[in-house]
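Residues in the sequence shown are numbered consecutively from 105, following the working numbering.
Comments concern the structure below.
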Amino acid sequence: MNSKANRSIGCTVQQCTHHCGSENYCTLDKITVGTHETNPTKIECTDCESFRLKG
Ligand code: SF4
């Protein structure tokens, strides 16, 4: 389990391979956030494009 939590990137997506595990932080130095919508208007329109499924 990677434990290098980046406290500048909070994240609760435990299913992601980059999640710190014990605490709700990402372990990457940098992530990319994007959208799958043409005109994003709410939080659900945004995505972490650095997500990689664990396992
Ligand atoms: S890559 Fe994105 S989804 Fe994965 S732990 Fe980091 S912030 Fe969360």
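Backbone N, C-alpha and C fix where the C-beta goes; we use that ideal spot for every residue, glycine too.
The straight-line gap separating the alpha-carbon atoms of L132 and V117 is approximately 13 Å. Not one heavy atom of the ligand SF4 falls within 7 Å of the beta-carbon of I147. For R111, the uninterrupted beta strand (DSSP E) run begins and ends at 110-114, by DSSP. Secondary structure note for T150: its beta strand (DSSP E) is the uninterrupted segment 150-152. Nearest in C-alpha terms to T150, of all of L157, I135, G159, is I135.
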